[in-house]
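Chemist: Sending over a structure as structure tokens; questions will come in a sec.
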Amino acid sequence: MIDSQSYRTKLAANDSLITARFFYLGALLIMIFSSYLLAAQSSVLTVPATGLYLISFFLGLNIFFFLSVKWLSGKKSFTAVNVFSYVQIAADFIFASLFTVLSGLNAGFLVFLLPIFFAGMFWPSYAPITLSILFSAAVALYSTFNEILGTVLVLLIPSFNIEFNSAFFDPSNAIIIIIILLSGFLSAYLGKIAKERDTLISVCQYKLGGDPHDHKREIDDKSKRIIQAKEFEVERANERLSTLEKAKADFVSVTTHQLRTPLAGIKWTFEMLLKGQVGESNPNQREILEKGYASTERMIRMVNEILSIEKIENERFEVVFIYSDMVKLIENAVIEFQAPAIGKGLRLSFARPETNIPLVMMDADKVRMVLDNLIENAIKYTKIGGDINISLDSRRLNSARPAVEVTVKDNGIGISEKFQDDIFTKFYRGPNARKAEPGGTGLGLFISKTIIEAHGGTIWFESEENTGTVFHFSLPVHHPERGENL
Amino acid sequence: MESKKKILIVEDDEFLRSLTAKRLEKEGYGVAVAVDGESALVTAMDEKPDLILLDLLLPGLDGFEVLGKFKANANLKKVPVIVFSNLGQKEDIEKAKLLGADQYLIKANFTLDDVMAKVSEAIK
Chain A
1 MIDSQSYRTK LAANDSLITA RFFYLGALLI MIFSSYLLAA QSSVLTVPAT
51 GLYLISFFLG LNIFFFLSVK WLSGKKSFTA VNVFSYVQIA ADFIFASLFT
101 VLSGLNAGFL VFLLPIFFAG MFWPSYAPIT LSILFSAAVA LYSTFNEILG
151 TVLVLLIPSF NIEFNSAFFD PSNAIIIIII LLSGFLSAYL GKIAKERDTL
201 ISVCQYKLGG DPHDHKREID DKSKRIIQAK EFEVERANER LSTLEKAKAD
251 FVSVTTHQLR TPLAGIKWTF EMLLKGQVGE SNPNQREILE KGYASTERMI
301 RMVNEILSIE KIENERFEVV FIYSDMVKLI ENAVIEFQAP AIGKGLRLSF
351 ARPETNIPLV MMDADKVRMV LDNLIENAIK YTKIGGDINI SLDSRRLNSA
401 RPAVEVTVKD NGIGISEKFQ DDIFTKFYRG PNARKAEPGG TGLGLFISKT
451 IIEAHGGTIW FESEENTGTV FHFSLPVHHP ERGENL
Chain B
1001 MESKKKILIV EDDEFLRSLT AKRLEKEGYG VAVAVDGESA LVTAMDEKPD
1051 LILLDLLLPG LDGFEVLGKF KANANLKKVP VIVFSNLGQK EDIEKAKLLG
1101 ADQYLIKANF TLDDVMAKVS EAIK
């Protein structure tokens, strides 16, 4: 993100430097020409002819730079742009040094300021400051510097002819040193402002998705940035969603646990009263106490079921698949429910299959919950003397996707056609069910359906009011493909 | 020498605590109570109970920590602990069992009769 932005900045800065160089080289040329034309003698800018060669050479170099930057912007290489920046600034310093030698310090040092300023644009703040310190030191050792450079130049260019300022440390240099140092700091400061502005622009671009300084060049860059901005938004939204979900889960968790404490207290109170542990009660009192107790039990059930549902909805409902014995599971359930069934005068039976049933890949605890729910419902909604039959069907074992089918059949109050569509929805209870058993929560079948579907199975029923209901569910024998995400 | 067994109830809810205590006394047990984690440890050391009923949702030192401390203490680690809580998440139950709880009961799902049955089983 920021890389791309600073890539553009550097490219643009390189561009600007080249343009600026045209201008200042041009300005120097004009000054030189004018000084010759006007034959001014005390002009600060008295430059020998060699100076013209120097400037022309650098103008040529600048044209080369100009073409290079065009080529570079096509390459989109960050390293290349970096290297190019170094080359440019190095070129400027070389030019400035040579120019200083030619024209004397008073003119030359002005030219030094330019690369120092540009260094502030390209590099972090320490760069222009360091450079300005180095060059102040160089100025202080001007004559030494001058002589070395001069000697080198004389060797290279035969017609070279300069005057040496032989003073080792010229007090007037002090002013120049101060100016160089100040420009270093000024450049660092301006560079910092420019970078802050760049950051602000980046941030605005993320928010607005547009580019206020679109140079119409990096279209790819722009769309990339828009995508990144959107990604950034999505990530933030996701984070917020997770936080909210967790907050909700925690709230539900804490609330239900907090509710359970007073509910336990109430339950035990009723228990004590009903058992005569705080004195005997008369039949009227007993009746009311029993209703209170039943109501409390119902509330506790609801709290437990809300917790289950909350777990399901937050995908914290872990389903652990292991190959398990379906026949045994049903048998155990039937044994456990014999007591309440007999208590209501009902016959609860399981027709053990004759064929061999393979082990089924399932979460036995959860499937047991489904069985319990279906058997409980059958007991609740069947009148005294009724029959509840459970069977395990192996017909589907020879199909492409082998599955077992469990059936729970009763001859109870049934579900009227009008209300059949809503049976599996949360909190729904048919009106005749409500009458027969006011204590239900309407959550059992919702939970059962979720469990069966997590196994890749199906749950359905047939029913006729006052005749009876048959509930079926199927479970694939092997690893299920999840039809529906929990 | 007292022949009756002593049970320590660690429970911050006053109502539940008094109901449980009354019931335990009716069953013939001696009863000690603590209302939070720190005093639970101190009381356990003093009273040397034969069984501890421990709620997990306690102010201050949380129930799991208290359980850990009971089991880390040379004098107390043999005392059976029935975790007696309204937290019901599987992770909580497993954590309690790992820390050494003998039983885990969700208060709201059990009657006091059931609780008494569990206590007499565990205290043997």
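From first to last, the protein sequence lines stand for chains A and B.
Once you know that position 31 of the first sequence is 31 in this note's numbering, the rest is easy, because the numbers rise by one and skip nothing.
Each number in this note's numbering comes from the position in the second sequence (counting from 1) with 1000 added on.
For each residue, glycine too, the CB sits at the ideal point set by N, CA and C.
Source: prediction; values computed, not measured.
The alpha helix (DSSP H) that contains residue 1023 of chain B, what's its start and end?
Modeler: Its alpha helix (DSSP H) spans residues 1014–1026.
Chemist: For residue 267 of chain A, collect the residues of the same chain with a Cβ closer than 8 angstroms to its Cβ; drop the 5 residues on either side in sequence, then sort them by chain order.
Modeler: Cβ within range, chain order: 293, 296, 297, 300.
Chemist: Give me the chain A residues within the contact set of residue 1075 of chain B, using Cβ-Cβ distance strictly less than 7 angstroms, ordered along the chain.
Modeler: Within 7 angstroms Cβ-Cβ: nothing; residue 1075 of chain B doesn't reach chain A, min ~30 angstroms.
Chemist: Given that residue 1015 of chain B touches chain A, what residues does it touch there, using C-beta distances under 8 angstroms?
Modeler: Near residue 1015 of chain B (Cβ distances below 8 angstroms), the residues of chain A are 262, 265.
Chemist: Check whether the region 445–457 of chain A touches the region 1017–1035 of chain B, counting contact only when three or more Cβ pairs, one atom from each stretch, lie closer than 8 angstroms.
Modeler: Result no; under three Cβ-Cβ pairs closer than 8 angstroms.
Chemist: Do we get a CB-CB distance below 8 angstroms when we pair residue 271 of chain A with the residues of chain B?
Modeler: True, the Cβ-Cβ gap to chain B drops below 8 angstroms.
Chemist: Which word fits residue 1055 of chain B, buried or exposed, when buried means at least 16 other C-beta atoms lie within 10 angstroms of its C-beta?
Modeler: Residue 1055 of chain B should be labelled buried.
Chemist: Please list, in chain order, the chain A residues whose beta carbon lies closer than 9 angstroms to that of residue 1107 of chain B.
Modeler: Chain A residues near residue 1107 of chain B: 260, 261, 263, 264, 265, 267, 268.
Chemist: For the putative contact between residue 1117 of chain B and residue 1104 of chain B, defined by C-beta atoms under 8 angstroms, what is the C-beta separation to the nearest angstrom?
Modeler: Wrong, their Cβ atoms sit about 15 angstroms apart, outside the cutoff.
Chemist: I need the straight-line Cα distance from residue 132 of chain A to residue 113 of chain A, nearest angstrom please.
Modeler: Each residue's alpha carbon lies about 8 angstroms from the other.
Chemist: I'd like to check one pair, residue 385 of chain A with residue 468 of chain A: are the Cβ atoms closer than 8 angstroms?
Modeler: Cβ distance not < 8 angstroms, so residue 468 of chain A and residue 385 of chain A don't count as in contact.
Chemist: Can you pull the chain A neighbours of residue 1057 of chain B, defined as C-beta to C-beta under 9 angstroms?
Modeler: Under the 9 angstroms cutoff, chain A gives 257, 258, 261.
Chemist: Name, please, each residue of chain A whose Cβ falls closer than 9 angstroms to the Cβ of residue 1088 of chain B.
Modeler: 256, 257, 260, 304, 307, listed in chain order.
Chemist: Quick check on residue 1113 of chain B: buried or exposed, where buried means 16 or more other Cβ atoms within 10 Å of its Cβ?
Modeler: So residue 1113 of chain B counts as exposed.
Chemist: Based on the DSSP output, what are the partners of residue 389 of chain A in its beta bridges?
Modeler: Answer is A/349, A/409.
Chemist: What in chain A is Cβ-close to residue 1112 of chain B, meaning under 8 angstroms?
Modeler: By Cβ distance, chain A contributes 268, 271, 272.
Chemist: Work out the CA separation of residue 1102 of chain B and residue 323 of chain A for me, nearest whole Å.
Modeler: Their Cα atoms are separated by approximately 29 angstroms.
Chemist: Taking the alpha helix (DSSP H) that residue 86 of chain A falls in, what are its first and last residues?
Modeler: Looking at the DSSP string, the run of the alpha helix (DSSP H) that includes residue 86 of chain A is 78–103.
Chemist: Excluding five sequence neighbours on each side, which residues of the same chain lie with their C-beta closer than 7 angstroms to the C-beta of residue 64 of chain A?
Modeler: Cβ neighbours of residue 64 of chain A beyond the five flanking positions: none.
Chemist: How do the region 414–424 of chain A and the region 369–379 of chain A stand: do at least 3 beta-carbon pairs fall below 8 angstroms, yes or no?
Modeler: As far as the Cβ criterion goes, the region 414–424 of chain A does not touch the region 369–379 of chain A, which means the pair count is below three.
Chemist: Name the DSSP bridge partner or partners of residue 1104 of chain B?
Modeler: Bridge partners of residue 1104 of chain B: B/1083.
Chemist: Should residue 260 of chain A and residue 1107 of chain B be called a contact, given that it needs their Cβ atoms to be closer than 8 angstroms?
Modeler: It is a contact, given that the beta carbons lie within the stated cut-off.
Chemist: At least one CB of chain A closer than 8 angstroms to the CB of residue 1061 of chain B: is that the case?
Modeler: No, residue 1061 of chain B lies away from the interface with chain A (no Cβ there is under 8 angstroms from its Cβ).
Chemist: Identify, in the order they occur along the chain, each residue of the same chain with its Cβ nearer than 8 angstroms to the Cβ of residue 1045 of chain B, setting aside the five sequence neighbours on each side.
Modeler: Around residue 1045 of chain B: 1073, 1075, 1076.
Chemist: Mapping the DSSP letters down to three states, classify residue 243 of chain A as helix, strand or coil.
Modeler: Helix.
Chemist: Taking contact to mean at least 3 C-beta pairs separated by less than 8 angstroms, is the region 274–281 of chain A in contact with the region 250–260 of chain A?
Modeler: Contact fails: fewer than three Cβ-Cβ distances are below 8 angstroms.
Chemist: Is residue 149 of chain A helix, strand or coil when you go by DSSP?
Modeler: Correct three-state label for residue 149 of chain A: helix.
Chemist: Thinking C-beta only, is residue 1025 of chain B closer than 8 angstroms to residue 1031 of chain B?
Modeler: Yes, the pair counts as a contact, with Cβ atoms nearer than the cut-off.
Chemist: If you follow the beta strand (DSSP E) that residue 468 of chain A is part of, which residue opens it and which one closes it?
Modeler: Segment 468–476, the beta strand (DSSP E) holding residue 468 of chain A.
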